[in-house]
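Notes to accompany the following structure.
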């Protein structure tokens, strides 16, 4: 009945109704009276917005007593009644004369973050209570607010706040460009690939020479020519290659990021986006080949090894004419013969007799030894300009 506004207004004018509610609220706190007490509180919640606020009203005394109840529903509903009292009237609501022990109890309720409904009701009560200057003076006089309520309210300013992070980019990241040439597979890897049927051979060759990279692309023509040069050589009789269309489809099936695209312009360019050439070819097990870059009379030594230990043995045994087992006890040469002919290195171009010093220098050009039980991941492109950012985190104000 009291759910209808007209009925609630009518009940608020009946003194006998209010007296009857007081009788019910003062029943003994026994489980057998809980149901009727709940109904009484629900009814008062609908009618109380039309009652005048009077600190001497006996109803307030009963409601303050229910704030310490062991029944959560009684606490919440009593708190709602105190908040809604006189809400529909034009007169000033004056929540005064509240015992200090009840104020202290309500302060403790602000610690209950897990009970959001009770926390919200408690904060709403204090909002109305502190709207009266006399109540603020009483709080300052009777409670140590700087050590109790104020720090707690300060912490609750961020309660369930959504933290936003604003990033300001001062300098964009710049990576080194992809390798300009497609690596050539060494003879031993080439022989193993020839043993495979198409299109498996094409797919394994792609994995040996390329890697997924969503920021890079390569022309379909360059990719096709590299494939043809590797497997369509006249010196490999009986080896057939895939048609161009099937080859492009194999690329897309091998790399999930590879997409065949057409770049419009004065001259249309057909590309594969999403892959880039590796710096060196990889074997079928995922190990990179290390090429010997020692300069020889007819150019540069092109022998490649998967195991860095074998490359080291090759350089010292074949080019420096040293026994790798004797590297820890090298003697000076009888005449100046030791040089460094690694790639473009300019050190030790003039022969010297100090074998140990030159051997130590040559070792700096060679890759470090590694565990060959599991292949390393392909290295990413080098970052030549790091990304510089500034981060600001804040809690934006939300209108509720």
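Numbering (the working numbering), first residue to last: 1 to 400.
From the three backbone atoms N, C-alpha and C, an ideal C-beta is built for every residue, glycine too.
Any Cβ of chain C within less than 8 Å of the Cβ of residue i?
i, result
"residue 356", "Of the protein chains in this structure there is only one, and it is not chain C."
Under a three-way DSSP split, which group does residue i fall into?
i, result
"residue 260", "strand"
"residue 84", "helix"
"residue 168", "strand"
"residue 295", "strand"
"residue 324", "helix"
"residue 376", "coil"
"residue 329", "helix"
"residue 342", "strand"
"residue 352", "strand"
"residue 304", "strand"
"residue 227", "helix"
"residue 282", "strand"
"residue 335", "coil"
Starting from residue i, trace the beta strand (DSSP E) both ways and give me its first and last residue.
i, result
"residue 429", "Nothing about residue 429 can be read from this structure; the chain reaches only from 1 to 400."
"residue 219", "210–219"
"residue 46", "Premise fails: residue 46 lies in the alpha helix (DSSP H), 34–47, not in any beta strand (DSSP E)."
"residue 392", "388–394"
"residue 384", "383–385"
Using alpha carbons as the reference points, say which of the options lies closest to residue i.
i, options, result
"residue 119", "317, 50, 209 and 80", "80"
"residue 78", "25, 298, 67 and 271", "67"
"residue 149", "20, 175 and 126", "126"
"residue 223", "196, 273, 44 and 156", "273"
"residue 349", "32, 160 and 294", "294"
"residue 155", "182, 178 and 123", "123"
"residue 228", "376, 256, 182 and 265", "182"
"residue 48", "365, 74, 13 and 23", "13"
"residue 357", "331, 111 and 374", "331"
"residue 17", "30, 35, 46 and 31", "46"
"residue 9", "29, 15 and 50", "50"
"residue 215", "72, 175 and 252", "175"
"residue 298", "262, 341, 316 and 1", "341"
"residue 253", "286, 212 and 281", "212"
"residue 384", "73, 61, 37 and 171", "171"
"residue 5", "40, 44 and 153", "44"
"residue 241", "202, 221 and 264", "202"
"residue 153", "110, 3, 37 and 114", "110"
"residue 31", "225, 71, 56 and 42", "71"
"residue 100", "61, 89 and 76", "61"
"residue 208", "219, 221, 226 and 217", "226"
"residue 83", "104, 52, 112 and 56", "52"
"residue 91", "69, 63 and 54", "54"
"residue 281", "314, 140 and 230", "230"
"residue 42", "1, 29, 28 and 220", "1"
How many Å lie between residue i and residue j at the Cα?
i, j, result
"residue 329", "residue 288", "31 Å"
"residue 284", "residue 184", "14 Å"
"residue 312", "residue 320", "11 Å"
"residue 7", "residue 87", "16 Å"
"residue 268", "residue 247", "20 Å"
"residue 164", "residue 395", "6 Å"
"residue 347", "residue 310", "24 Å"
"residue 359", "residue 276", "36 Å"
"residue 351", "residue 382", "35 Å"
"residue 35", "residue 393", "50 Å"
"residue 306", "residue 374", "12 Å"
"residue 132", "residue 107", "18 Å"
"residue 193", "residue 353", "45 Å"
"residue 257", "residue 116", "47 Å"
"residue 96", "residue 130", "10 Å"
"residue 390", "residue 121", "40 Å"
"residue 37", "residue 103", "24 Å"
"residue 316", "residue 266", "54 Å"
"residue 372", "residue 304", "16 Å"
"residue 144", "residue 388", "48 Å"
"residue 93", "residue 85", "8 Å"
"residue 323", "residue 278", "33 Å"
"residue 270", "residue 188", "32 Å"
"residue 366", "residue 318", "15 Å"
"residue 146", "residue 134", "18 Å"
For the alpha helix (DSSP H) containing residue i, list its first residue and its last residue.
i, result
"residue 128", "116–129"
"residue 313", "308–314"
"residue 347", "Where residue 347 is concerned, there is no enclosing alpha helix (DSSP H), given that its DSSP letter is neither H nor E."
"residue 191", "187–194"
"residue 26", "Note, residue 26: premise wrong, no alpha helix (DSSP H); not H, not E."
"residue 6", "5–12"
"residue 252", "244–254"
Residue ranges of each beta strand (DSSP E) within the segment 132–171, 3 or longer = Runs found: 164–171.
Sequence ranges, alpha helix (DSSP H) only - wholly within the segment 54–115, length at least 4 | Listed in chain order, they are 58–66, 72–84 and 100–109.
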